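Residue numbers (UniProt numbering): 1 to 598.
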């Protein structure tokens, strides 16, 4: 049976659905019947929802801020949040931090699904899936905002009827209506798509002809055009190149409503966020400022907390010692001991300062690979185009890689970065020229599709034993093989399908490391990883004896591990004369120039 909470949410959803249908011209009876049918399906879906959320909405119904007290959530029976406060204020841009599997994405899902019923004037856009493939062009798909326009017009009418014509809410509504006005929407949509990497031809291409990653960009562009009251972004940079990341950072730092974002990129969080929400021990804590400010503030708070803890422990030890020595001695001393005993009891009853417990740092390690005499890999006059096409991605490439090579490959999407990695490892064959590899050279190539090769019904331990039956026959050896990559306790024995994306990525690194590679070929390795894991990966790369070729949109990881920056562009690769921060500033200036020329 549906819970009372599910029934209330369904009823509220029915009212919203009916109002939208009435605004489109349906009669009251037709609108209510159609809404009831749609929402009944929603109720059935809710009864099967593994997420259970409770809490009390504590803000004024007309407020532009959100506050939910006693917020709790379980997922598959596991408690993720417990009696905490969810607070989102208008005009703030929040970065949501927490370890993989702690519940960050489920929090965004709970907000998006209105597990706690928010007032109707909060429209929510949760970027978690790509735009549906259809015959609409990318530009048409972004401009498909009729539903939002109808909702905003109805809200404006309601505000005027209720004598709120001079409210900030009405100003916001009119601004948003202006932004999606048919005459202005096309220009804005084209500008947003251009910033996300779509040239003129791509903007007029049908959405069904794009890959999932590009359709995700279209969905993001639509969110930026709509400008919802609450914008929820879960790793928005995962499908972007560095140039698009810089453009998006500049765009989001001007977002005027409520933005909640999960991102593994410290650089991106620093550029966008006004506040940080930290999810730790099932509670949310709030910090003002960007990521760097959060780190500094947290360190200062923990230092003060540790001093208070030490002072309290010294005071308690002193009082206990006095009570033990004089509690039954001279009458005067005994009275003082009794007094101290009362003070001690009062301290204990009021609660003591908790000891600061530092999170245990992950310790990734890629095994020693041994030495190979150079040249390890030589690219000789290589040109490449995909069969059936006339366009060459590369022409006449000439370079070599050794076990001391540490390079990051950057450049716009479509330039062929992933293609070059496939050429290096032999998954693709050059159209002309040759790539000579040392006969003993072993690669470990990380890419986003490796997760598809996991058997989701197996546990991590079972998977590793299946992949390496001779080395990991014993369960304890298999436990160690995944434990050093941060999969511990129940995570080692639960089905892979129940792991978070970040936990699956850790399993993939354990798998690759066990192959003892000479060269790491890493294509966007930070997707789905939290910051702790990214830092562990950086330390592992820096202590690795072999070569590294990295493609990543994470400026900080590149800064940590790359000795050279190579740009893939215009059918070749060229060395960038500077570090990755110089390259970022170069991209930012190019974006500013484009905006000035518009």
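The C-beta atom is built at its ideal place from N, Cα and C for all residues, glycine as well.
It should be emphasised that the depicted structure is a prediction, and the values quoted were computed from it without experimental measurement.
Buried or exposed by the 16-neighbour rule on C-beta atoms within 10 Å, applied to residue i
i	result
residue 343	exposed
residue 386	exposed
residue 146	exposed
residue 584	buried
residue 357	exposed
residue 456	exposed
residue 44	Residue placement at residue 44 is poorly supported in this model, since its pLDDT is 49, which falls under 50; the coordinates still yield a value, given next. That one is exposed.
residue 291	buried
residue 534	buried
residue 1	For residue 1, the predicted structure reports a pLDDT of 41, less than 50, and the residue's modelled location is therefore unreliable. A value from the coordinates is still provided. Per the 10 Å Cβ criterion, exposed.
residue 299	exposed
residue 439	exposed
residue 586	exposed
residue 548	buried
residue 484	buried
residue 504	buried
residue 160	exposed
residue 271	buried
residue 473	exposed
residue 460	buried
Candidates the options: closest to residue i by CA position
i	options	result
residue 253	275, 264 and 104	275
residue 140	159, 219 and 123	219
residue 501	206, 479, 530 and 62	530
residue 492	463, 513, 307 and 473	463
residue 377	352, 392, 334 and 421	421
residue 599	148, 471 and 264	Residue numbering for the chain in the displayed model covers 1 to 598; residue 599 lies beyond these limits and cannot be assessed.
residue 313	354, 295 and 558	354
residue 393	473, 553 and 383	383
residue 558	569, 341 and 539	539
residue 85	107, 198, 70 and 466	70
residue 213	273, 413, 116 and 337	413
residue 427	350, 447, 411 and 117	447
For residue i, the three-state DSSP class (helix, strand or coil)
i	result
residue 420	helix
residue 566	strand
residue 56	strand
residue 67	strand
residue 399	strand
residue 280	strand
residue 494	coil
residue 143	coil
residue 44	Confidence in residue 44 is poor, its pLDDT being 49 and thus under 50, which makes the residue's placement too unreliable to answer from.
residue 2	Its pLDDT being 47, under 50, residue 2 is placed unreliably in this model, and the value from its coordinates should be taken loosely. Residue 2: coil per DSSP, three-state reduction.
residue 521	strand
residue 156	helix
residue 535	helix
residue 49	coil
residue 349	helix
residue 463	helix
residue 333	helix
residue 286	strand
residue 357	coil
residue 581	helix
residue 442	coil
residue 408	strand
Residue span of the alpha helix (DSSP H) that contains residue i, given as start and end
i	result
residue 250	242-252
residue 270	266-272
residue 311	291-326
residue 174	168-179
residue 222	212-226
residue 107	104-112
residue 502	501-513
residue 201	200-203
residue 559	555-561
beta-carbon residue i near the ligand NAD non-hydrogen atom, thresh 7 Å
i	result
residue 305	Ligands in the displayed structure: none, and consequently the ligand NAD is not present.
Limits of the beta strand (DSSP E) - the one that residue i falls within
i	result
residue 380	377-384
residue 260	258-262
residue 481	No beta strand (DSSP E) contains residue 481, which is instead part of the alpha helix (DSSP H) from 475-483.
residue 81	78-88
residue 124	124-127
>> Whether or not the segment 355-372 and the segment 509-521 are in contact is what I'm after, with contact meaning three or more pairs of Cβ atoms, one per stretch, closer than 8 Å; do they touch?
In response: With three or more CB-CB distances shorter than 8 Å, the segment 509-521 counts as touching the segment 355-372.
> If you pair each beta-carbon of the segment 194-207 with each one of the segment 100-117, do three or more pairs fall below 8 Å?
Replying inline: Touching, no.
> Is the segment 131-141 in contact with the segment 228-242, if contact means three or more CB pairs nearer than 8 Å?
Replying inline: Because the criterion of three Cβ pairs below 8 Å is not met, the segment 131-141 and the segment 228-242 do not touch.
>> When you compare the segment 511-523 with the segment 429-446, are there three or more beta-carbon pairs, one atom per stretch, that lie closer than 8 Å?
In response: Look at the beta carbons and you see the segment 511-523 touching the segment 429-446: at least three pairs across the two are nearer than 8 Å.
> Do the segment 235-245 and the segment 411-427 make contact, defined as three or more Cβ pairs closer than 8 Å?
Replying inline: Using a Cβ-Cβ distance cut-off of 8 Å, the segment 235-245 and the segment 411-427 are in contact, since at least three pairs of beta carbons, one from each stretch, lie closer than that value.
> How about the segment 277-295 and the segment 86-105: do they share at least three Cβ pairs that are nearer than 8 Å?
Replying inline: Three or more Cβ pairs drawn from the segment 277-295 and the segment 86-105 lie within less than 8 Å of each other, which places the two stretches in contact.
> Does the pairing of the segment 429-437 with the segment 536-551 give three or more beta-carbon distances under 8 Å?
Replying inline: Cβ pair count under 8 Å is below three, so no.
> Does the segment 221-231 touch the segment 188-195, meaning 3 or more C-beta pairs lie closer than 8 Å?
Replying inline: Proximity of the segment 188-195 to the segment 221-231 meets the contact definition, three or more beta-carbon pairs being nearer than 8 Å.
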